[in-house]
Amino acid sequence: MKVYIVDNGGQWTHREFRVVRDLGYDTKIIPNTTPIEEIDADALILSGGAPRVAFEAPKLGNCTDYLEKFSGAILGICVGHQIMAIFHGGKAGPATIPEYGLAKVRILETDELFKGIETKEFLAWESHNDEVKEAPGFKILASSENCKIQAMKHKEKKHYGLQFHPEVNNTEHGDLIIKNFIESV
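Count along the sequence shown from 1, then add 1366; that gives the number in our numbering.
Structural data, given as structure tokens:
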């Protein structure tokens, strides 16, 4: 199984790579300008990053091409989650209360993404100024006190989004969530 990490300039892109590699999958980091024709992966992870989706979307390179044309599963993390929502007709923009550090995430919907997590709440690492405001076509899977859409899954496509960072050690069950995404492919 090949899982490529699309680099959107996030501070934890290399951590996403290491988690996927350490879980035993073939992985590499690719620039977000990589043409879709050059991608031979089974799944993509759109990394987090510094670009603000409201006014810096061009810095997200070909992410919308991947969302439109890539046939495998895609996991969007942080800004990857936000561009995914916008691509599918949703809205993302400045958070009412930006989140930094640990937040308690509540699982709202049973889903394979959270398979093996025994509790309905877990701590997750947050680092965002923007958030998804509306996600038409998605099931909302998790929320937090300050962010209503912490996790989502498209109702028809294999597109998943996470506002929090599962790749960071501080996130409880983070490696399991990433493994569950890959296994769902």
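We put the beta carbon where it would ideally sit given N, CA and C, even for glycine.
Ranked by Cα distance from Lys1524, the options Lys1505, Glu1511, His1539 are led by Lys1505. Your pair Ile1440 and Ala1409 checks out as a contact, with CB atoms roughly 7 Å apart and the cut at 8 Å. Taking 8 Å as the cut-off, the beta carbon of Leu1479 is found no closer than this to the beta carbon of Ala1451. Between Ile1411 and Val1372, the C-beta gap is smaller than 8 Å, which places the two residues in contact. Under the three-state reduction of DSSP output, Lys1481 falls in the coil class, being neither helix nor strand.
Ranked by Cα distance from Gly1527, the first of Asn1536, Ile1515, Thr1537 is Ile1515. Secondary structure in the stretch 1512 to 1543: the beta strand (DSSP E) runs of 3 residues or longer, each lying completely within the stretch, are 1517 to 1520, 1525 to 1528 in chain order. Shown here for Asp1392: same chain residues with a beta carbon closer than 6 Å to its own, the five before and five after excluded, namely Lys1368 in chain order. Below 8 Å, enough C-beta pairs join the stretch 1373 to 1386 and the stretch 1444 to 1460 to call them touching: three or more. Within the same chain, His1494, Asn1495, Asp1496, Glu1497, Asn1512, Cys1513 come within 8 Å of Ala1461 by CB-CB distance, once the 5 residues on both sides are set aside.
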